[in-house]
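What follows is a set of notes on a single structure, which appears directly below.
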DNA sequence: ATCCTCCCCTAC
DNA sequence: TAAGGTAGGGGAGGAT
């Protein structure tokens with residue numbers, strides 16, 4: 001989903017369309033100069049780019065409502081947890097981020113499945129389900145086993161054929177992107193609105209609008225002809241087109257459509273990089289090669305034919321249009337998408353590059369934005385790609401920085417060597433709210449910090465990670481900005497403040513303890529000496545992440561350290577047990593078996609050098625006894641009380657809260673990134689004991705994070721020499737791989753069913769959708785393809801096929 | 001030279 | 001009413 005200029009550039013005002021051109025131009029000018037054109041600039045610099053912004057007054061409606069204590073208690077940060085939950089549930093940007101994370105997991109999971117199928121077929125997994133040591137086979141002599149899908153193509157022994165092959169092996173990258181995604185999905189069930197100008201925003205109803213500061217997140221092409229764009233407020237849109245129709249967000253639907261898209265793309269691609277809920281990059285080299293070899297000269301442009309086939313499938317599956325940019329690398333494929341839109345595909349060839357880009361601006365390139373363009377203009381005097389392509393590399397580097405300069409230098413020459421990335425390890429986790437932050441006093445601010453800490457901690461837990469470093473981000477109202485900014489409950493012009501500090505549990509290890517995080521965040525906030533009334537935004541980011549269960553603590557050590565990772569579980573949740581004087585315990589590590597429990601306790605290393613920012617925590621003075629066994633809801637606990645507790649007791653309390661949290665995780669709100677969408681509805685899940693296809697799914701925790709050879713790449717390498725007849729194994733797609741794997745050893749596919757354990761005796765969670773072979777056949781689903789899909793996509797495939805069998809194709 | 005920290009920038 | 005989140009890349013400049 002693009003909320004940026006580039007997506008909309010070609011669809012500006014069509015003179016004579018509903019309004020005459022002159023009038024539209026004048027309106028647009030007014031709106032561009034409207035203080036709310038940029039809905040609510042965050043910095044002084046941004047504000048100066050908006051003529052008249054500094055003089056704008058506070059939002060009157062907001063100012064009025066803020067008078068009401070009732071309103072404040074239910075619609076601002078003063079409401080604490082309820083506010084946070086409600087906000088995230090309705091934040092489109094939050095959903096965007098969450099979805100992206102989920103989709104990345106989904107893709108990585110599919111790759112693992114493909115790899116496991118491959119391993120099974122190669123006998124890496126013995127029939128009883130024990131996985132043998134997973135050293136993958138060395139490939140051909142020059143492959144080296146080092147990397148990488150695409151990077152190391154197996155060389156054909158015959159020299160004469162090499163060139164021919166090379167030509168045929170050209171990489172084909174496609175950038176697949178839904179057209180105005182939110183609106184399109186919303187119009188599926190509102191066909192009567194399709195010819196009207198329609199936007200998606202929170203503010204609904206014909207009456208709402210004239211003064212609404214609600215932000216438009218997506219506008220259909222009819223609306224765009226009036227000059228309406230994503231990012232505008234509804235009131236601006238109403239000025240451009242009073243009759244514009246608003247439709248609400250439908251987050252669950254977006255996600256379902258996304259799964260449909262991803263299902264189709266995974267089946268037809270060699271490799272896939274999740275970009276966002278409505279967008280993905282795929283390598284389809286083998287698919288394109290295949291249709292061009294099958295159909296010989298039938299296709300003038302096989303890549304384009306392939307893209308149109310994909311577009312058709314997506315249209316049939318979702319009822320929405322995607323556009324597809326095609327080229328031989330990522331940068332160019334993305335560029336091509338602009339030309340493909342709407343509802344089309346475009347193949348950008350190297351030969352056409354120059355004339356395609358001469359008149360484009362730098363910020364039409366993905367990764368280059370306004371700042372780069374302004375910098376280029378200021379330091380080089382030009383900002384079009386045509387002009388910039390004349391500059392020597394050194395000049396670009398001097399003006400824009402080394403990496404940026406080189407990237408640009410290469411880009412304008414059509415060069416982009418990046419590979420698709422689908423399994424990079426997470427480097428940070430954060431939670432941030434810059435909307436509706438209105439504290440009345442210190443207590444509210446403190447309570448909020450602890451609640452936000454719970455939120456980040458939950459996210460960290462859900463990916464089974466711990467952190468060693470924390471950054472507090474504050475947005476503080478600029479003294480000149482109105483107390484209520486123009487945008488309803490917005491942040492207005494602010495100064496931003498960042499503070500970083502070490503984050504350690506009492507034992508010196510990385511942590512995901514919400515109380516440790518909250519304590520640290522609160523101390524940092526206090527150290528910033530900010531009037532809580534002036535706060536307009538708060539964020540907590542955690543970095544220096546480590547996998548839970550290992551404390552490969554920074555630097556040397558110390559095999560023993562690892563042993564102490566496991567702390568003896570106390571019998572029951574006995575808070576009093578904490579004062580036995582043992583080492584303060586972090587939460588116990590359920591991943592390890594109790595029998596491995598060591599009887600060793602190391603002293604936690606000194607932390608003194610690690611604390612960077614703040615004053616020492618208040619000395620615990622009270623309440624070492626009398627901790628209630630029945631804890632109130634965490635949001636009701638006075639954080640200042642918790643703060644006073646000794647660390648070990650806090651740790652115990654924290655453990656209990658976390659236990660509760662994980663219990664409630666299953667029915668927590670849908671944005672919890674713990675598990676991707678489950679489409680499970682009893683009717684979909686059917687077990688047939690006779691003949692079932694069932695495959696495991698690793699938990700994210702088990703996923704290796706090395707990127708030395710992605711799963712798909714390794715499969716390809718393992719297939720190496722023998723597979724290389726007509727289709728390069730490296731380019732074999734999931735479909736082919738799964739097929740080959742299954743045909744090589746059909747029985748082991750089924751035997752793998754209950755192989756619950758992986759290499760190191762750790763229990764491996766697994767899940768899959770059971771279905772009979774017979775039904776798969778009757779539904780026209782290829783069992784091997786089905787097997788390679790992650791469970792979510794299995795569900796998606798299955799329910800769709802069943803639906804279509806019963807009711808015919810929708811749409 | 002190479003790293004780290006504290007930003008800014010970009011994308012969806 | 002309205003829901004301005006989040007993660008990663010990279011540059012500047014200081015520490016090592």
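Numbering (full-length UniProt numbering), first residue to last: 1 to 811. We put the beta carbon where it would ideally sit given N, CA and C, even for glycine. These numbers come from a predicted model, not from an experiment.
Which residues in the same chain have their Cβ closer than 6 Å to the Cβ of residue i, if we skip the five residues on either side of it in sequence?
i, result
"residue 240", "27, 226, 227 and 228"
"residue 309", "none"
"residue 79", "73"
"residue 258", "277"
"residue 107", "272, 274 and 422"
"residue 268", "287"
"residue 372", "362"
"residue 409", "393 and 396"
"residue 71", "65"
How should residue i be labelled, buried or exposed, when 16 other C-beta atoms within 10 angstroms of its C-beta is the threshold for buried?
i, result
"residue 263", "buried"
"residue 381", "exposed"
"residue 531", "exposed"
"residue 419", "buried"
"residue 394", "exposed"
"residue 803", "exposed"
"residue 67", "exposed"
"residue 260", "buried"
"residue 368", "buried"
"residue 807", "exposed"
"residue 75", "buried"
"residue 816", "Residue 816 is absent from the structure shown; the chain starts at 1 and stops at 811."
"residue 205", "exposed"
Considering only the beta carbon of each residue, do residue i and residue j sit closer than 8 Å?
i, j, result
"residue 357", "residue 173", "no"
"residue 59", "residue 479", "no"
"residue 415", "residue 388", "no"
"residue 474", "residue 528", "yes"
"residue 787", "residue 110", "no"
"residue 284", "residue 301", "no"
"residue 237", "residue 198", "no"
"residue 57", "residue 342", "no"
Could you pull out every residue in the same chain whose Cβ sits closer than 8 Å to the Cβ of residue i, ignoring the five residues on either side in sequence?
i, result
"residue 193", "187, 245 and 247"
"residue 844", "Outside the modelled stretch of the chain, which goes from 1 to 811, sits residue 844, for which no answer is possible."
"residue 333", "173, 174, 175, 281, 325, 326, 327 and 348"
If you compare alpha carbons, which of the options is closest to residue i?
i, options, result
"residue 266", "257, 805 and 793", "793"
"residue 547", "182, 465 and 303", "465"
"residue 427", "390, 469 and 409", "469"
"residue 253", "403, 183, 497 and 335", "183"
"residue 195", "243, 537 and 92", "243"
"residue 92", "775, 249, 317 and 504", "249"
"residue 340", "384, 435 and 176", "176"
"residue 812", "537, 459 and 516", "Residue coverage of the chain in this structure runs from 1 to 811, which leaves residue 812 outside it and unanswerable."
"residue 535", "446, 439, 443 and 520", "439"
"residue 430", "496, 453, 223 and 322", "453"
"residue 477", "496, 459, 332 and 471", "496"
"residue 398", "376, 412 and 524", "376"
"residue 456", "493, 354, 541 and 471", "541"
"residue 185", "315, 285 and 494", "315"
"residue 533", "504, 448, 510 and 441", "441"
For residue i, I'd like the list of residues in its chain whose CB is within less than 7 Å of its CB, leaving aside the five on either flank, ordered along the chain.
i, result
"residue 307", "174, 324, 326 and 345"
"residue 62", "484, 488 and 489"
"residue 201", "214, 215, 216, 217, 234 and 246"
"residue 392", "none"
"residue 304", "326, 345 and 347"
"residue 40", "485, 486, 487, 490, 491 and 492"
Taking only heavy atoms of the ligand SAM into account, decide whether any of them is closer than 7 Å to the Cβ of residue i.
i, result
"residue 283", "This structure simply doesn't include the ligand SAM, nor any ligand for that matter."
Which residue spans inside the segment 50-110 form an unbroken alpha helix (DSSP H) run of at least 4?
60-66, 69-75 and 81-90
Contiguous beta strand (DSSP E) assignments of at least 3 residues, all confined to the segment 474-518:
494-502
Going along the chain, which unbroken runs of the alpha helix (DSSP H) with 4 or more residues stay wholly within the segment 266-349?
285-294, 302-318 and 330-340
Only counting runs of 3 or more residues, tell me where the beta strand (DSSP E) segments fall wholly within the segment 195-272, in order along the chain.
198-200 and 245-247
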